[in-house]
Structure formats: structure tokens, C-alpha cells
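In the working numbering, the protein residues as written are 6 to 301. The structure under discussion appears below in the form of C-alpha cells.
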């Protein structure tokens with residue numbers, strides 16, 4: 006009987022240690038379990054990021070950012086038309102995710118002004134695209150509206166993202182993908198929205214063919230399905246051989262697979278857009294191969 010009680014006490018002790026350690030982990034590392042939107046609204050993001058993005062977030066959330074961190078000091082150069090003179094810096098994975106999501110909010114706010122129709126529906130459109138918790142709508146709305154009213158152009162925010170991500174084109178593709186998702190949310194792309202996204206892609210040093218590839222997937226979705234757009238999605242031409250198209254297709258699938266993007270700083274909340282892009286790449290390849298097979 007004494008032996009049984011001893012084993013019972015040991016078992017209880019093991020359970021106690023396990024659950025106690027779990028509670029401690031959840032308490033001290035709660036930040037790791039928060040969504041990217043929750044982290045942004047936590048209030049410290051502005052201080053973490055610094056620079057133009059940090060200033061907008063800090064002002065909207067009531068935290069004054071007195072100065073730009075030294076590593077961001079070269080970001081505000083209105084004469085730069087690309088990222089040529091921007092100093093790249095080392096950011097950890099958490100900072101990269103915060104910068105990505107914050108950049109989407111701020112630049113999306115600027116994008117909402119591009120079509121000349123600044124309405125109360127913009128934040129609703131943003132929520133539909135990014136599916137954040139309704140309880141966070143007021144706080145995100147403050148960031149959105151503050152960015153929309155700020156005097157800086159979208160260029161300074163895009164350049165700060167370059168300082169964060171360097172030459173990681175895969176992440177810029179998902180960023181541009183997110184902007185097109187917002188721009189096409191009402192079913193059409195305004196000429197000013199198109200120009201702004203193109204200008205941002207230039208700051209990102211993104212090849213025009215890659216930009217057309219991203220844009221084409223939305224033209225295919227929101228208008229009649231055109232084989233020409235499918236070729237653009239695959240960075241191909243109708244004159245390419247089957248082998249060339251297949252090679253480019255596999256290269257795109259490998260480079261822009263969502264799993265690899267997360268390790269480079271893409272927040273998990275944005276994975277659905279990466280998955281959608283991958284699906285569009287697969288569908289474009291299927292349509293092209295079917296079309297070519299039917300022609301034989």
C-alpha cells in the first residue's frame with residue numbers, strides 16, 4: 006500500500022511539474038503565441054522598428070518616437086528612385102514579420118488614396134482581405150487613418166522595408182501580391198493604384214516581368230481568362246517550348262513555396278496569399294499545358 010502511494014505521489018509530482026512549466030512558458034512567452042496583428046497593436050512595435058514606419062505606428066498608438074534609429078538614418082532620401090543607396094541592416098525574424106505586416110497596413114492606407122475615393126469602407130475592405138480579429142479593428146483603423154493623413158509619401162516606407170529585407174525578392178513578391186489583392190478588392194484596378202504599385206516595385210528592384218506575373222493572376226481572376234496572362238504568370242512567352250515552360254514553372258514553385266517564405270520573415274497570417282499565388286501558378290500551368298495538348 007505504501008509502495009502504491011509512493012508511485013501515485015511521483016505521478017502527481019510529474020504532472021504538477023509538467024503543467025507548471027507549461028503555465029510559466031505561456032506566461033513569459035505569450036508574445037510568441039500572439040497573431041502578428043496582436044504584436045503590432047501591443048504598442049512596442051514602433052520602438053522596435055524605428056524609422057518612418059515606427060513613427061506612424063507610435064503616433065497612432067500613442068507612443069512618441071523621438072528619433073529614427075541610427076541604422077534607419079539613410080532611409081529618408083526623397084531623391085532615391087530605387088534601393089541603390091539604402092543601407093541594408095540585420096533584423097531578426099520577429100522584427101521582419103512586424104515590419105512586413107506594418108508595411109502592408111501603412112502602404113495600403115496610402116494606396117487607398119490613390120484612386121481618389123477615400124471612404125469609411127477602406128478599413129472594411131482591408132479587414133476582408135486580411136481577416137484580423139474584429140476587436141482589433143479600431144486600433145488598426147487608427148494606424149490606417151494616421152498613415153493615410155501623414156505627409157510622407159509611400160516611398161519612404163517602401164525604402165524602410167528594403168532596409169529590413171535587403172534583396173529578398175521572394176518577400177517583396179508577397180508584399181506586392183498583398184497590395185494587388187487590396188487594389189482589386191473592389192473588382193477593378195485604378196490607373197493611379199497601378200502606378201503606385203509599379204513605383205513600389207521599382208524601389209524593390211523587382212523585374213518588370215515579375216510584376217506583370219503577379220498582376221496577371223488578378224486580371225485572370227477578375228476578368229475573362231486569357232492565355233496571355235497565364236504565360237505572364239509563369240514568366241513565359243507563347244513562343245517558349247514545352248520544356249522551357251515546364252522548367253520555369255518548377256522554378257517558380259520552388260522559389261515561392263509558402264513554407265520557405267515563412268523562414269525568411271513572412272508572417273503566417275500572410276500565408277493564404279502565398280498559397281493563392283502558388284495555386285494561380287499551378288492553374289496557369291495546367292491551362293497552358295491543356296491548351297497545347299488540345300492543339301495537337
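Where is the CB? At the ideal position from N, CA and C, for every residue including glycine.
Using the C-alpha atoms, what's the distance from residue 138 back to residue 207?
For residue 207 and residue 138, the distance between alpha carbons rounds to 33 Å.
Quick check: the Cα distance between residue 267 and residue 256, rounded to an integer number of angstroms?
Roughly 18 Å separates the two Cα atoms.
Is the segment 143-155 touching the segment 108-120, taking contact as three or more C-beta pairs under 8 Å?
Flag = yes, the segment 143-155 and the segment 108-120 touch.
How many Å lie between residue 210 and residue 143 at the Cα?
C-alpha separation (whole angstroms): 34 Å.
Could you give the DSSP three-state label for residue 232: helix, strand or coil?
Helix, per DSSP.
So, are the CB atoms of residue 179 and residue 278 less than 8 Å apart?
Their beta carbons are under 8 Å apart, which means residue 179 touches residue 278 by this criterion.
Among residues of its own chain, excluding the 5 on either side of residue 190, which ones have a beta-carbon nearer than 8 Å to its beta-carbon?
130, 133 and 134.
According to DSSP, is residue 263 part of a helix, a strand, or is it coil?
Of the three classes helix, strand and coil, the one that applies to residue 263 here is helix, per DSSP.
Decide if residue 299 is buried, meaning its Cβ has at least 16 other Cβ atoms within 10 Å, or exposed.
Answer is exposed; the Cβ neighbour count stays below 16.
Can you list, in chain order, the residues of its chain with a C-beta nearer than 7 Å to that of residue 185? Leave out the 5 residues immediately preceding and following it.
For residue 185, where only same-chain residues beyond five positions count, the Cβ hits under 7 Å are 202, 219, 220 and 223.
What residue range is occupied by the uninterrupted alpha helix (DSSP H) comprising residue 204?
196-208 is the span of the alpha helix (DSSP H), which, as asked, contains residue 204.
For residue 242, name the three-state secondary structure that DSSP assigns.
Coil, per DSSP.
Going by C-alpha to C-alpha distance, which of 119, 282 and 289 sits closest to residue 262?
Of 119, 282 and 289, the residue nearest in Cα terms is 282.
Give the secondary structure of residue 28 by DSSP, where H, G and I count as helix, E and B as strand, and everything else as coil.
Residue placement at residue 28 is poorly supported in this model, since its pLDDT is 37, which falls under 50; the coordinates still yield a value, given next. The answer is helix: DSSP assigns residue 28 an H, G or I state.
Helix, strand or coil: how does DSSP classify residue 256 here?
Reduced to three states, the DSSP call for residue 256 is helix.
Grab me the residues of residue 200's own chain with a C-beta within less than 6 Å of its C-beta, minus the 5 sequence neighbours each way, in chain order.
Answer for residue 200: no residue qualifies.
Would you kindly work out how many angstroms separate the C-alpha atoms of residue 270 and residue 100, rounded to a whole number?
Going from the Cα of residue 270 to the Cα of residue 100 covers about 8 Å.
Assuming residue 147 is part of the alpha helix (DSSP H), what are its boundary residues?
Residues 142-154.
For residue 172, does the three-state DSSP call read helix, strand or coil?
Of the three classes helix, strand and coil, the one that applies to residue 172 here is coil, per DSSP.
With 16 other CB atoms within 10 Å as the buried threshold, where does residue 35 fall?
Confidence in residue 35 is poor, its pLDDT being 39 and thus under 50, which makes the residue's placement unreliable; the coordinate value appears in the next sentence. Classification for residue 35: exposed.
At the level of alpha carbons, what is the spacing between residue 276 and residue 238?
Using only the alpha carbons, I get a separation of about 19 Å.
What separation, rounded to the nearest whole angstrom, lies between the Cα atoms of residue 159 and residue 296?
Distance between the alpha carbons of residue 159 and residue 296 is about 41 Å.
Would you identify the three-state DSSP class for residue 268, choosing helix, strand or coil?
Note: residue 268 maps to coil in three-state DSSP.
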